[in-house]
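If you count by our numbering, then the sequence shown holds residues 22 to 384, one letter each, in order.
Only one structure is covered here, and it is reproduced in the block below.
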Amino acid sequence: MATSQFPSNEVENTSKELFKKSLLIKGVIWLALVTIASVAILFFYSHSFESIRALSSIKIKYLVICFVMLFIDLLLGSWRNHIFIRILKPGISHWVSFKANLANMFMGAITPFHSGAGPAQLYVYNRYGVKVLDGFIVSLINMGATLLFMPLSGLFAIWMMHNQLESGLVPILLKYGFLAFFIFLLVFLMAFWKPLWVGSVIVRMSIICSRIRPSKKERILHWGKKSYNNIIHYQQICKKLLGDHPYLLPISLLTTTILYLNKYSMQYIILLGLGVSVDLVQVICIEILIEFMIYFAPSPGGSGFAEVSIAVLFSKILPTSILPAFTLLQRSFLLFIPALVGAFVIIILLKKHTTSINKTKVE
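Right, dumping it as C-alpha cells:
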C-alpha cells in the first residue's frame with residue numbers, strides 16, 4: 022500500500038526537537054520529583070513503619086505473576102500496532118513494534134499530557150523504514166480505539182461506584198477526563214469523516230496566524246498547507262486500510278480492551294501479594310477511573326494526579342498503612358519499569374542514528 026512520505030529532513034528535525042538532552046532530563050526530573058514527593062507524603066501521613074513492613078513482606082510469587090502480566094501488557098500494546106504496520110510495511114518484525122511501544126511508554130511518562138508518546142513511536146518505526154504518515158495513521162487508529170474504550174469503561178465504573186464517588190477532587194478530575202476525551206474523539210472523528218472541513222479550518226487558522234505573525238508568514242502557511250494534505254492522505258489511507266481489512270478495527274478494539282483489563286487486574290495481584298483480599302471487580306472499577314482521570318494529565322506521566330487519585334479512591338477499600346506500598350508498586354509496574362526499558366530503547370537507537378549520520382558526513 023503506497024503512501025506519501027514526509028521529507029527526511031523533517032523527520033530529522035522532529036527527532037532532534039523530541040530527544041533534546043535537556044528536555045529528556047527535565048522530564049525525568051519532574052516525573053521523579055513529583056512522584057517521590059507524592060509517595061513520601063503518603064508514607065508520612067500513614068504509619069510509615071507499617072507501610073515499609075508491608076512492602077518488605079510482599080509475597081514473591083505474586084511479584085512474579087505481575088512481571089508476567091507486565092510482559093503480556095507490552096506484547097498486547099505492540100501487537101495492536103503491529104496488526105496494522107505489517108500490512109503497511111510487509112515483512113517488518115514484531116520486535117520493531119515491541120520497541121516502538123516501549124519508546125512510546127517512556128516518552129509518554131516524561132512529557133505533559135502524554136504528548137511525547139506518539140512522536141517517539143513514529144521515530145522508532147521510521148528508523149526501521151516505516152513511512153512517517155503510515156506510522157501516524159496506525160497511532161491514530163489505535164488512539165481512536167482508546168478514545169472509545171476509555172469513556173465507555175469510565176461510565177461503567179461510575180455506574181458501579183456511584184455511591185462511593187463523593188464531592189471533592191475525584192468528580193472534578195472525572196469531568197476533566199470526559200472533556201478531554203470528548204474533544205480528542207471529536208477531532209478524530211471529524212478528521213476521518215469530514216477531512217475537507219477540518220483541513221479548511223486549519224488552512225484558515227494558518228492564514229489568520231500568518232497575519233498576526235507576519236515574520237513567520239511563509240512557515241505558518243506552509244504548515245497549514247502540509248496539514249491539509251496530510252489530513253486528506255490520512256482519510257484516504259484509513260478508508261483503504263480498514264476497507265480492505267475490515268476485521269482490523271474490531272481486533273484493535275478487542276486488543277485494547279484486553280490490554281487495559283490486564284493492566285487493571287495486575288493491581289489485584291499486587292494487593293494479594295500485600296496480603297489484602299478485596300473484590301476484583303471493585304479494584305478494576307477503581308483502576309478504570311484512575312487511568313481515565315490521569316490519561317491527559319498535564320504533569321509528566323500523570324505524576325501527582327495518579328498518586329492522589331490512588332490515595333483517595335483506594336482508601337475506601339484498603340488499610341491506610343497499605344496505601345503507600347501499593348501506590349509505589351502500582352506506579353512501578355504500570356509506568357516506571359516499562360519507561361525505564363523504553364529509555365534504553367531510545368538511547369540505543371539514538372546512538373545508532375548518530376553513528377550513521379557521522380559516517381555519512383565522513384563519506
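The beta carbon of each residue, even a glycine, is placed where N, CA and C say it ideally should be.
These numbers were taken from a predicted model, which means no experiment stands behind them.
I need the straight-line Cα distance from residue i to residue j, nearest angstrom please.
i: residue 339; j: residue 156; result: 42 Å
i: residue 369; j: residue 182; result: 45 Å
i: residue 358; j: residue 75; result: 21 Å
i: residue 208; j: residue 164; result: 11 Å
i: residue 16; j: residue 261; result: Outside the shown range of the chain, which is 22 to 384, sits residue 16, and nothing can be said about it.
i: residue 255; j: residue 240; result: 22 Å
i: residue 319; j: residue 53; result: 15 Å
i: residue 22; j: residue 267; result: Residue placement at residue 22 is flagged as unreliable, the pLDDT there being 48, under the threshold of 50; a coordinate-derived value is accordingly withheld.
i: residue 77; j: residue 231; result: 60 Å
i: residue 93; j: residue 283; result: 8 Å
i: residue 214; j: residue 300; result: 42 Å
i: residue 27; j: residue 143; result: With a pLDDT of 44 at residue 27, under the threshold of 50, the modelled position of this residue cannot be trusted, and the question is left open.
i: residue 175; j: residue 305; result: 11 Å
i: residue 227; j: residue 172; result: 32 Å
i: residue 355; j: residue 328; result: 13 Å
i: residue 302; j: residue 248; result: 44 Å
i: residue 236; j: residue 44; result: 27 Å
i: residue 109; j: residue 206; result: 24 Å
i: residue 271; j: residue 160; result: 15 Å
Mapping the DSSP letters down to three states, classify residue i as helix, strand or coil.
i: residue 320; result: coil
i: residue 372; result: helix
i: residue 297; result: coil
i: residue 340; result: coil
i: residue 331; result: helix
i: residue 79; result: coil
i: residue 93; result: helix
i: residue 231; result: helix
i: residue 179; result: helix
Is residue i buried or exposed, if buried means 16 or more other CB atoms sit within 10 Å of its CB?
i: residue 376; result: exposed
i: residue 80; result: exposed
i: residue 103; result: buried
i: residue 373; result: exposed
i: residue 332; result: buried
i: residue 178; result: buried
i: residue 66; result: exposed
i: residue 120; result: buried
i: residue 364; result: buried
i: residue 58; result: exposed
i: residue 122; result: buried
i: residue 225; result: exposed
i: residue 192; result: exposed
For residue i, which residues of its own chain have a beta-carbon under 7 Å away from its beta-carbon, when the five flanking residues on both sides are left out?
i: residue 107; result: 113
i: residue 337; result: 185
i: residue 55; result: 320, 324, 325
i: residue 49; result: 131
i: residue 351; result: 288, 291, 331
Is residue i near the ligand MG, going by C-beta to nearest heavy atom under 8 Å?
i: residue 218; result: With respect to the ligand MG, the structure offers nothing, as it holds no ligand at all.
For residue i, which residues from the same chain have a beta carbon less than 6 Å from its beta carbon, with the 5 sequence-adjacent residues on both sides left out?
i: residue 212; result: 219, 252
i: residue 360; result: 126, 127, 130
i: residue 238; result: 231
By Cβ distance, which residues of its chain are closer than 8 Å to residue i, with the 5 residues on each side in sequence left out?
i: residue 134; result: 317, 318, 319
i: residue 100; result: 115, 118, 276
### Message
Using a Cβ distance threshold of 8 Å, determine whether the segment 286-295 contacts the segment 81-97, with at least three qualifying pairs required.
### Response
Output reads yes: the segment 81-97 touches the segment 286-295.
### Message
Quick test of the definition: if touching needs 3 or more C-beta pairs under 8 Å, does the segment 194-211 touch the segment 161-170?
### Response
Contact between the segment 194-211 and the segment 161-170 is present, because at least three Cβ pairs lie under 8 Å.
### Message
Within 8 Å, do at least three Cβ pairs link the segment 273-284 to the segment 145-155?
### Response
Contact between the segment 145-155 and the segment 273-284 is absent: fewer than three C-beta pairs spanning the two stretches fall below 8 Å.
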